[in-house]
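S.K.: Numbering (the working numbering), first residue to last: 32 to 247. Supplied in structure tokens, the structure appears directly below.
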């Protein structure tokens with residue numbers, strides 16, 4: 032089977048603001064970015080899964096008008112807890128320093144750690160693979176015909192980084208260095224006989240992202 036990972040388009044958020052599960056809207060460049068994404072998708076799609084947050088929801092509904100999109104809470108971005116929509120520079124040092132030292136295991140106050148995100152995201156990812164590879168997908172999706180099962184996941188940077196870390200066995204602590212995925216990126220994953228490989232189809236920088244602290 033094939034799985035296409037799509038990161039949402041540029042969100043409407045000021046520079047330097049911490050955000051995760053805040054339900055941000057998209058910017059005026061949405062249609063332009065969506066058109067670029069569309070160019071890298073196959074003509075035939077079996078199923079679509081998406082984070083229910085608005086920046087993903089709008090993109091999924093725009094790209095896949097003929098599909099019953101399956102909204103998955105497990106595909107949401109990291110929960111930033113009490114830091115949500117706060118300026119990074121204004122988060123108290125005694126709160127942020129432990130997290131910067133070990134963001135993989137230290138939870139954001141009232142929120143999640145990177146390990147928490149990884150566990151829920153990969154759990155969802157494995158279920159999607161199992162559904163498409165252990166059942167007759169023609170029975171579940173009769174309109175798919177004889178085509179190869181092709182699923183789409185519309186999600187967030189942290190979600191995509193978690194999935195790629197899982198399939199490449201990259202340590203989470205290294206993943207921010209190894210993987211850099213811009214808004215609107217498209218990554219193709221191929222699953223054959225239990226093996227997972229990936230190919231970056233599009234990863235165009237719309238603008239420099241400044242929504243994370245420099246410590247990670």
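For every residue, glycine included, the Cβ atom is placed at its ideal position computed from N, Cα and C.
1) Tell me which same chain residues have a C-beta within less than 8 Å of the C-beta of residue 115, skipping the five on either side of it?
2) Does any heavy atom of the ligand ZN sit closer than 7 Å to the C-beta of residue 136?
3) Could you check what DSSP says for residue 135 in three-state terms: helix, strand or coil?
4) Can you tell me the Cα-Cα spacing of residue 59 and residue 200, whole angstroms?
5) Which residues in the same chain have their Cβ closer than 8 Å to the Cβ of residue 9, if we skip the five residues on either side of it in sequence?
6) Looking at residue 79 and residue 101, is the spacing between their C-beta atoms short of 8 Å?
7) Return the first residue and the last residue of the beta strand (DSSP E) that residue 115 is part of.
8) What residues match up with residue 102 in a beta bridge as DSSP calls it?
9) At 4 residues or longer, what runs of the alpha helix (DSSP H) sit wholly inside the stretch 188-218?
M.R.: Short version:
1) Locating residue 115 in the chain shown gives position 84, counting from the first residue. These residues qualify, in order along the chain: 49, 50, 51, 52, 53, 142.
2) The ligand ZN is not part of this structure, which contains no ligands at all.
3) One-based indexing of the chain shown puts residue 135 at position 104. For residue 135, the three-state secondary structure derived from DSSP is coil.
4) Locating residue 59 in the chain shown gives position 28, where the first residue counts as 1. Locating residue 200 in the chain shown gives position 169, where the first residue counts as 1. Answer to the nearest angstrom: the Cα atoms are 37 Å apart.
5) The chain is shown from 32 up to 247; residue 9 falls before or after that span and cannot be answered.
6) Start at 1 with the first residue of the chain shown, and residue 101 comes out as number 70. Start at 1 with the first residue of the chain shown, and residue 79 comes out as number 48. For residue 101 and residue 79, yes; Cβs fall inside 8 Å.
7) Working through the chain shown from its first residue, we reach residue 115 at position 84. Membership of residue 115 in any beta strand (DSSP E) is not indicated, and neither H nor E is assigned to it by DSSP.
8) Taking the first residue of the chain shown as position 1, residue 102 is located at position 71. Paired residue(s): 81.
9) Inside the stretch 188-218, DSSP marks whole alpha helix (DSSP H) runs of 4 or more residues at positions 188-199, 206-209, from first to last along the chain.
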